[in-house]
Amino acid sequence: MDNSSTEIQIEEPIDKTSTHRFRNLVAQIVYFKEIDSTNSFLKQKAQKDAAEEGLCIVASRQTAGRGRMDRTWHSPEEGLYFSILLKPNLALNFVSLITLMAAVATAESVEAFSHSPVDIKWPNDIIIERRKVSGILTEATFEKQKLGYVVVGIGVNLNQKTFPKELASQATSLYLESGQVIDREAFLLYLISRIDHWYGVLLTAPSAIVQRWQQLSTYAYGKEIFVEIDAKKVAVKTSGVEASGALRVETADGKVHILYGGEVLEGR
Amino acid sequence: MDFTEIKELIELVSEKKLAEFEVEQGDFRLKIKRDAESSPVTTSSVTAAEKQVVEKVEKRATPAPVVVATKESKQPETKEPDNLHIVKTPIVGTFYRSPSPTSEPFVKKGDKIQVGKVLCIIEAMKLMNEIESDVSGEVVDIYVENASPVEYGQPLFGIRRG
Chain A
17 MDNSSTEIQI EEPIDKTSTH RFRNLVAQIV YFKEIDSTNS FLKQKAQKDA AEEGLCIVAS
77 RQTAGRGRMD RTWHSPEEGL YFSILLKPNL ALNFVSLITL MAAVATAESV EAFSHSPVDI
137 KWPNDIIIER RKVSGILTEA TFEKQKLGYV VVGIGVNLNQ KTFPKELASQ ATSLYLESGQ
197 VIDREAFLLY LISRIDHWYG VLLTAPSAIV QRWQQLSTYA YGKEIFVEID AKKVAVKTSG
257 VEASGALRVE TADGKVHILY GGEVLEGR
Chain B
7 MDFTEIKELI ELVSEKKLAE FEVEQGDFRL KIKRDAESSP VTTSSVTAAE KQVVEKVEKR
67 ATPAPVVVAT KESKQPETKE PDNLHIVKTP IVGTFYRSPS PTSEPFVKKG DKIQVGKVLC
127 IIEAMKLMNE IESDVSGEVV DIYVENASPV EYGQPLFGIR RG
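Chains as they are written, first to last, in the working numbering: chain A, 17 to 284; chain B, 7 to 168.
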């Protein structure tokens with residue numbers, strides 16, 4: 017994250033590479049056995065202008081997997097850790113739809129492989145039966161008021177049979193849901209094909225991303241949740257997603273609030 | 007915040023049919039309320055300059071937003087010195103001065119920076135946007151508190167070119 021750092025990362029040995037041509041993207045996939053974080057690696061590459069759109073980094077293990085605000089993302093060998101580089105030419109008010117686009121692509125892939133009903137918690141957590149199965153961390157740069165590159169990092173719990181105690185009640189895996197061992201590469205290529213499809217939609221008809229997101233998520237309409245408004249935890253009911261991807265919520269007194277961030281909390 | 011920006015905000019609030027809208031920026035706080043019944047209600051303690059805004063609002067078709075300005079805007083000056091460059095946010099979101107709550111800020115007042123230096127993160131819908139400086143110079147002012155919401159075009163940093 018820190019731009020002033022001049023530390024050059026020693027590249028871990030590459031496991032293998034492959035290239036796949038999709039409709040909108042040419043996915044050049046680089047596999048590592050182990051890496052600190054697929055997002056950090058791809059960002060370093062992109063910062064040096066040494067990477068083309070569609071470059072994908074995949075790791076069997078992450079030693080420093082990151083979530084939002086540098087929270088750790090538990091990254092054992094049974095999971096998929098994947099980051100893709102995008103350089104979209106998007107109007108500024110649609111930039112945040114990238115996270116909803118990634119969520120739609122991931123939800124469709126998880127649904128196809130788990131055969132379980134999948135939900136998206138706003139804006140981009142993939143949930144099965146109230147347990148998180150995938151998390152997305154999207155990082156972008158802005159220079160001169162223009163979007164530079166975007167790194168979309170997706171972590172998916174594929175074949176975990178158990179989770180550490182502190183995660184057990186909040187996490188699940190495709191294996192636990194389907195009873196089948198998931199082929200990592202097959203899942204990855206399916207996921208990239210969905211990203212390719214929805215990325216094309218994002219660039220040409222961004223409102224269709226919002227529509228699809230609303231179809232896939234029970235959080236879009238009428239969901240009773242808690243959010244932070246003016247530093248207070250407030251009970252609200254959701255009432256759709258704005259064109260920008262922001263969540264519209266109503267408080268009990270009928271006031272409408274538009275949320276651009278913050279945590280969506282369950283329970284009382 | 008200048009009149010054009012305030013006007014844009016009022017139009018946005020009207021268009022989105024928001025009941026209430028509040029934005030805070032340094033010492034300046036603006037609250038826009040829609041009167042659902044009919045014409046806008048103006049509140050007390052507005053300065054002459056703010057009255058103009060209220061009048062503009064009243065000319066709009068009803069129901070229109072109510073503008074409540076609680077404090078005089080202090081900074082940044084609209085007439086900025088030639089060598090002062092204001093970095094504004096390109097998107098709506100939450101302003102973060104460091105990559106995580108426990109880490110050091112990207113920049114502090116007095117830091118000398120180069121073009122491309124990451125100044126802050128604006129988070130919107132879990133998209134973490136690193137905002138880079140488009141000039142080299144010294145960070146002379148930071149207009150927004152960490153973790154506060156920012157509106158499109160809101161000034162974030164004052165950088166003296168050099």
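The beta-carbon is built from N, C-alpha and C at its ideal position, and this holds for glycine as well. Predicted model only: the values in this text are computed from it and were never measured.
Quick one: grab the DSSP three-state call for residue i.
i, result
"Met134 of chain B", "strand"
"Ala70 of chain B", "The predicted position of Ala70 of chain B is uncertain, since its pLDDT is 38 and thus under 50; a value taken from the coordinates is nonetheless stated next. In the structure shown, Ala70 of chain B sits in coil (DSSP, three-state: anything other than H, G, I, E or B)."
"Thr54 of chain A", "helix"
"Thr10 of chain A", "There is no way to answer for residue 10 of chain A, as the model of chain A reaches only from 17 to 284."
"Ala43 of chain A", "strand"
"Ile143 of chain A", "strand"
"Glu23 of chain A", "Because Glu23 of chain A sits at a pLDDT of 37, beneath the cut-off of 50, its placement in the model cannot be relied upon, and the point is left open."
"Ala187 of chain A", "strand"
"Glu182 of chain A", "helix"
"Asp135 of chain A", "strand"
"Asp317 of chain A", "With chain A covering only 17 through 284, there is no way to say anything about residue 317 of chain A."
"Gln176 of chain A", "coil"
"Gln161 of chain A", "coil"
"Ser150 of chain A", "strand"
"Leu101 of chain A", "strand"
"Leu108 of chain A", "helix"
"Ser76 of chain A", "strand"
"Glu110 of chain B", "coil"
"Ala128 of chain A", "helix"
"Glu183 of chain B", "Outside the modelled stretch of chain B, which goes from 7 to 168, sits residue 183 of chain B, for which no answer is possible."
"Thr35 of chain A", "strand"
"Thr95 of chain B", "coil"
"Asp140 of chain B", "coil"
"Lys123 of chain B", "coil"
"Glu64 of chain B", "Residue placement at Glu64 of chain B is flagged as unreliable, the pLDDT there being 36, under the threshold of 50; the coordinate-derived value follows with that caveat. Reduced to three states, the DSSP call for Glu64 of chain B is helix."
"Asp86 of chain A", "helix"
Am I right that residue i and residue j are in contact with their C-beta atoms under 8 Å? What's the rounded C-beta distance?
i, j, result
"Phe98 of chain A", "Leu205 of chain A", "So it is not a contact: roughly 11 Å between Cβ atoms."
"Gly83 of chain A", "Leu153 of chain A", "6 Å"
"Ile127 of chain B", "Pro105 of chain B", "7 Å"
"Val126 of chain A", "Val134 of chain A", "5 Å"
"Ala236 of chain A", "Gly256 of chain A", "6 Å"
"Ala118 of chain A", "Ile198 of chain A", "Rounded, the Cβ-Cβ distance is 19 Å, inconsistent with contact."
"Val141 of chain B", "His91 of chain B", "5 Å"
"Asp31 of chain A", "Tyr47 of chain A", "4 Å"
"Val111 of chain A", "Leu133 of chain B", "7 Å"
"Val146 of chain B", "Lys115 of chain B", "7 Å"
"Leu96 of chain A", "Arg264 of chain A", "That belief does not hold up - the Cβ atoms of Leu96 of chain A and Arg264 of chain A are roughly 32 Å apart, past 8 Å."
Hey, would you say residue i sits closer than 8 Å to residue j, going by beta carbons?
i, j, result
"Val93 of chain B", "Leu162 of chain B", "yes"
"Cys72 of chain A", "Ile45 of chain A", "yes"
"Ala130 of chain B", "Tyr276 of chain A", "yes"
"Lys42 of chain A", "Leu102 of chain A", "According to the sequence provided, residue 42 of chain A is Val. The question's Lys does not apply to it. No."
"Ile51 of chain A", "Ala67 of chain A", "no"
"Leu139 of chain A", "Leu116 of chain A", "With the sequence shown as reference, residue 139 of chain A is identified as Pro, and Leu is not the correct amino acid for it. Their beta carbons are under 8 Å apart, which means Pro139 of chain A touches Leu116 of chain A by this criterion."
"Ile136 of chain A", "Leu207 of chain A", "no"
"Ser185 of chain A", "Gln176 of chain A", "no"
"Ile97 of chain B", "Leu108 of chain A", "yes"
"Ser109 of chain B", "Asp269 of chain A", "no"
"Lys249 of chain A", "Leu281 of chain A", "yes"
"Thr100 of chain B", "Tyr158 of chain B", "no"
Check your understanding: Would you call the segment 150 to 164 of chain A and the segment 136 to 156 of chain B touching, i.e. three or more CB-CB distances under 8 Å?
Key -> yes
Exercise for review: Please specify which runs of the alpha helix (DSSP H), each continuous and at least 4 residues long, are wholly inside the segment 195 to 281 of chain A, giving them in chain order.
Suggested key: 200 to 220 and 223 to 232
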